[in-house]
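Chemist: Those sequence lines, one after another, are chains A and B.
Residue 185 in my numbering sits at position 185 of the first sequence, and the numbers go up by one each step.
Offset between the second sequence (1-based) and my numbering: plus 389.
2 protein chains.
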Amino acid sequence: MSQPRRVGVRAVATTRTSLDVEFADGVVVRGNRFWLRDNCPLDVDRASLFRGTSVASLPDDLAIVGAELDDECVHVWYDDGVCDRVDPWELRARLTPMAAPGCVPWSAGFEPTCFDAARLAPESIEHHALLEAIARSACALVTGVAAHETEALAALLGPVRETDFGRVFDIVHEPQPFTPSQSADALDPHTDDPYRYSPAGISILHCVEPSAGTGGESIIVDGLAVAEMLREADPEAFEVLTSVRVPFVHRRSEPVERAGDVHLRAEAPIIALDGSGRVSGIRFHERSMGAVAVDTDEADRFYLALMRFARAVRSDTFAWRRYLAPGEAIVYDNQRVLHGRSGFEGAQTRRHLRLCTVDRDQVHSRLRRLRERYATGTEADPLPAGNLS
Amino acid sequence: MSQPRRVGVRAVATTRTSLDVEFADGVVVRGNRFWLRDNCPLDVDRASLFRGTSVASLPDDLAIVGAELDDECVHVWYDDGVCDRVDPWELRARLTPMAAPGCVPWSAGFEPTCFDAARLAPESIEHHALLEAIARSACALVTGVAAHETEALAALLGPVRETDFGRVFDIVHEPQPFTPSQSADALDPHTDDPYRYSPAGISILHCVEPSAGTGGESIIVDGLAVAEMLREADPEAFEVLTSVRVPFVHRRSEPVERAGDVHLRAEAPIIALDGSGRVSGIRFHERSMGAVAVDTDEADRFYLALMRFARAVRSDTFAWRRYLAPGEAIVYDNQRVLHGRSGFEGAQTRRHLRLCTVDRDQVHSRLRRLRERYATGTEADPLPAGNLS
């Protein structure tokens, strides 16, 4: 027989609109009438999609008329004749604020956790560790990925997200590039697809062939670290970059395989915050920034903040750099970290990287299921929602 | 020779931080030093992704030292030696606030625009009209769609978005349903995938085989209309539903083709607003709502607002209803309208609908390109960003 749910509960009391549960350790938890009715009945599978009830049927003046603690749980009576069985510990757990996501900001000196593709069997403990590393640092390194295995690596993350670039985009130097990644230019660290409502999520940058000479070094910067530096050093700049909505635009007429012309537009702040004021994502790519709609004084504040942010992104303070070898893949959270590269000699080099992306929510879903197996109790821990705000 | 850009400009004046342009019609437009430098030079292709400049290189104390109107345009001098050529009319256009998106809310009595699949050739004027109808009303009807043509119809919208349900999901009555759509139950109007960071976008509900007896009627409700009713009738309820972040959860262990177990979670308000306080999207599905983290007083306000919203969604005031015939497809914006159905007799019926979805930004991109051809001048008109907030 399982332990009675009332163990450790000292007393219950009610008003017409709430239930108080006093625990033996002195904690008192207060549940609201509607909230209790909607969330806590023991006899309804609240998680079931097949639950057909709706709050539409509740009377506006619903009242609690009494509560009683028996040997098993708390019974709550309402004035419409319903009596619910409530688990006091579940109530307490649900009313306890969630912890912050376990994201650890990093700067220069950071080395991402490295994984061997041969050991990344689906559902293995290494698979779990890879997804934890991505959630924590927004960046991991995988070695031993064969040229044709980009999608196999992506399958460990979730379903590939097809875009107007196709499922996997081959970044190769082209004499007539239609996107800067096909040039030999240096690229400042940026996030991809800021002009999409939901930009690329967890992305894979997989090296098939490196640049022959010097240059073409990959650069990764943790946007979370840059944002937290700014919050500390220049709170006004931080506030501006979390509130001014920046339009990002991408208009392209050159033909791309599997797509046509595009004219994508999205508006979002550079730094996205979650409901608790924590940094949940970054959206930053100067090349696709449109004209911000602010008056001249606000423009001064916005640009001074943006300049400070852009200088930090380009500095050595935050950057992790690596010449990727064939078979190496960086797996990174495109809604938190920025990626770039140094310029290289295009003419004499056939640098070839493959790019592929998976929606972040699907990756987080996989992580929660793997936590159920390998890190029980942490599966409901919060994960950052990204730059969708 | 093109018309000089200075026509209709009366005078220019500067301070160290701004440029004023006075037009012949009396309008004065003020541009900020950084904003001008970043957005308005005539000699740089601002829209080009290949522009390599960064605001990181601008000095914090950049100053305008003078401006002059010549026969052609405005010349602006800065104290770092740079002189930009600025188009005064472009400056004026960029500093004029954008119009509101042309979304028209609707309620009972609405009939969606109907399109014949045979006439929907790619890039045709009918193709343009279909996308305009979706942007305006978030709902259109297409007839004559053969059973195998679901993806062909989707291709008019953009690349199919593959999810854990696959590319196209067949909604057929199953004796052991793993999702309520496979049951014969009535489904209250809801938006799909509220537990995803970026829920399904423009979706297609394509009827292959209708229910044999009574029931199985499709119901569509305009969430924008419900939200605007609430804003008018109960501003406090509207405010609560735009600010309280609701967790949506989906945990499923039953196997689905091409996917595994999922545990998806996302948190968002029921009503999403854009930067100007306009309703940009709706996220509402009671079956997948988790426990809201609010104190007991706020819970009262939240639930009273939610109950009012849920009652409106279920009422006859807002609903458009239709028994879909074979070959009919509803194309709807899942981030604005809610869809549901009446219950039907499962045992004696092989009701078969196909469901497929495309990201909203890709659909809006197509619409902008078609506007360039069929509705010149409107291609930059704003489109609603959806429920991603």
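From the three backbone atoms N, C-alpha and C, an ideal C-beta is built for every residue, glycine too.
1) Would you call Arg697 of chain B buried or exposed, if buried means 16 or more other Cβ atoms sit within 10 Å of its Cβ?
2) What residues in its chain sit with their C-beta under 6 Å from that of Glu68 of chain A, if we drop five residues either side in the sequence?
3) On a CA-only basis, which of A:Val9, A:Thr15, A:Leu91, A:Val145 is nearest Leu324 of chain A? Give me that one, please.
4) Does any residue of chain B bring its CB to less than 9 Å from the CB of Asn334 of chain A?
5) Which first and last residues belong to the beta strand (DSSP E) in which Leu141 of chain A is found?
6) Would a check of beta-carbon distances place Arg647 of chain B closer than 9 Å to chain A?
7) Give the residues from the segment 304 to 319 of chain A that approach chain B closer than 7 Å (Cβ to any Cβ), ordered along the chain.
8) Quick check on Val7 of chain A: does DSSP put it in helix, strand or coil?
9) Quick one: Cα of Asp705 of chain B to Cα of Cys745 of chain B, how far?
10) Suppose the cutoff is 7 Å on Cβ atoms and the five residues either side in sequence are ignored; what does the same chain contact list for Arg245 of chain A look like?
11) Where does Leu62 of chain A fall in DSSP's three states?
12) Express the C-alpha separation of Asp80 of chain A and Leu131 of chain A in angstroms, rounding to a whole number.
13) Does the Cβ-Cβ distance between Leu224 of chain A and Pro112 of chain A come in under 9 Å?
14) Check Phe238 of chain A in the structure and name its three-state DSSP category.
15) Pro548 of chain B CB to nearest chain A CB: under 9 Å?
16) To the nearest angstrom, report how far apart Arg350 of chain A and Gln176 of chain A are at their CA atoms.
17) Quick check: what's the CA-CA separation for Gly215 of chain A versus Arg278 of chain A?
18) Considering just the uninterrupted stretch of the beta strand (DSSP E) at Tyr332 of chain A, what are its terminal residues?
19) Quick one: is Asp663 of chain B near chain A, going by C-beta distance under 9 Å?
20) Using a Cβ-Cβ cut-off of less than 9 Å, list which residues of the segment 354 to 369 of chain A approach chain B; keep chain order.
21) Can you look up Ala380 of chain A in the DSSP assignment and give me helix, strand or coil?
22) Among the residues of its own chain, which have a CB less than 7 Å from the CB of Val226 of chain A, if the five just before and after it don't count?
23) Express the C-alpha separation of Arg10 of chain A and Tyr584 of chain B in angstroms, rounding to a whole number.
24) Under DSSP, the beta strand (DSSP E) around His753 of chain B begins and ends at which residues?
25) Helix, strand or coil for Asn387 of chain A per DSSP?
26) Within a Cβ cutoff of 6 Å, which residues of the same chain sit near Ser572 of chain B, ignoring the five residues on either side of it in sequence?
27) Can you grab the Cα-Cα spacing for the pair Thr403 of chain B / Val416 of chain B, in whole Å?
28) Anyone know if the C-beta pair for Ala661 of chain B and Ala575 of chain B falls short of 9 Å?
29) Using a Cβ cut-off of 8 Å, pull out every chain A residue sitting near Leu447 of chain B, in sequence order please.
30) On the DSSP bridge list, what partners appear for Gly555 of chain B?
31) Anyone know if the C-beta pair for Val629 of chain B and Arg690 of chain B falls short of 9 Å?
32) So who's on the other strand from Pro636 of chain B, going by DSSP bridges?
33) Count the other C-beta atoms from every protein chain shown that fall within 10 angstroms of the C-beta of Glu257 of chain A, then say buried if there are 16 or more, exposed otherwise.
34) Identify the contact partners of Gly386 of chain A in chain B, using a Cβ-Cβ distance below 8 Å as the criterion.
35) Use the C-beta contact count for Thr485 of chain B: other C-beta atoms within 10 angstroms, 16 or more gives buried, fewer gives exposed.
36) Helix, strand or coil for Asp409 of chain B? Go by DSSP, reduced to three states.
Modeler: Taking the geometry as given:
1) Taking all protein chains shown into account, Arg697 of chain B has 16 or more neighbouring C-beta atoms within 10 Å of its C-beta and is therefore buried.
2) So the qualifying residues of the chain are His75.
3) With distances taken between Cα atoms, Leu324 of chain A lies closest to A:Val145.
4) Not an interface residue.
5) That run of the beta strand (DSSP E) goes 139 to 143.
6) Because Arg647 of chain B sits at a pLDDT of 43, beneath the cut-off of 50, its placement in the model cannot be relied upon, and the point is left open.
7) Under the 7 Å Cβ criterion, the segment 304 to 319 of chain A contributes Leu304, Leu306, Met307, Ala310, Arg311, Arg314.
8) Coil at Val7 of chain A, not helix or strand.
9) Answer to the nearest angstrom: the Cα atoms are 27 Å apart.
10) Sequence-distant Cβ neighbours of Arg245 of chain A in its own chain, meaning closer than 7 Å and more than five residues away, are Glu267, Ala268, Pro269.
11) DSSP places Leu62 of chain A in coil when its eight states are reduced to three.
12) Their backbone Cα atoms lie some 48 Å apart in a straight line.
13) No, the Cβ-Cβ distance between Leu224 of chain A and Pro112 of chain A is not below 9 Å.
14) Residue state, collapsed to three classes: helix.
15) Yes, Pro548 of chain B lies at the interface with chain A (some Cβ there is under 9 Å from its Cβ).
16) Cα-Cα distance, rounded: 15 Å.
17) Their backbone Cα atoms lie some 36 Å apart in a straight line.
18) Counting along the chain, the beta strand (DSSP E) containing Tyr332 of chain A begins and ends at 329 to 333.
19) It does; some Cβ of chain A falls within 9 Å.
20) Cβ contacts with chain B: Asp359, Arg360, Asp361, Gln362, His364, Ser365, Arg366, Leu367, Arg368, Arg369.
21) In this structure, DSSP gives Ala380 of chain A a state outside helix and strand, which the three-state scheme calls coil.
22) Sequence-distant Cβ neighbours of Val226 of chain A in its own chain, meaning closer than 7 Å and more than five residues away, are Phe309, Ala312, Val313, Phe318.
23) Taking C-alpha positions only, Tyr584 of chain B is separated from Arg10 of chain A by approximately 37 Å.
24) Membership of His753 of chain B in any beta strand (DSSP E) is not indicated; the residue belongs instead to the alpha helix (DSSP H) covering 749 to 763.
25) In this structure, Asn387 of chain A counts as coil in the three-state DSSP scheme.
26) The residues are Pro566.
27) Here the C-alpha atom of Thr403 of chain B lies approximately 16 Å from the C-alpha atom of Val416 of chain B.
28) Contact: no.
29) By Cβ distance, chain A contributes Tyr303, Met307.
30) Per the DSSP secondary-structure output, Gly555 of chain B pairs in a beta bridge with B:Thr552.
31) Cβ atoms of Val629 of chain B and Arg690 of chain B: closer than 9 Å.
32) Pro636 of chain B is bridged by DSSP to B:Glu656.
33) Here the model assigns Glu257 of chain A a pLDDT of 45, short of 50, so the residue's position is not dependable, and the following value carries that caveat. Per the 10 Å Cβ criterion, exposed.
34) Correct list: Tyr586.
35) The residue is exposed, with fewer than 16 neighbouring Cβ atoms inside 10 Å.
36) Per DSSP, reduced to three states, the secondary structure at Asp409 of chain B is strand.
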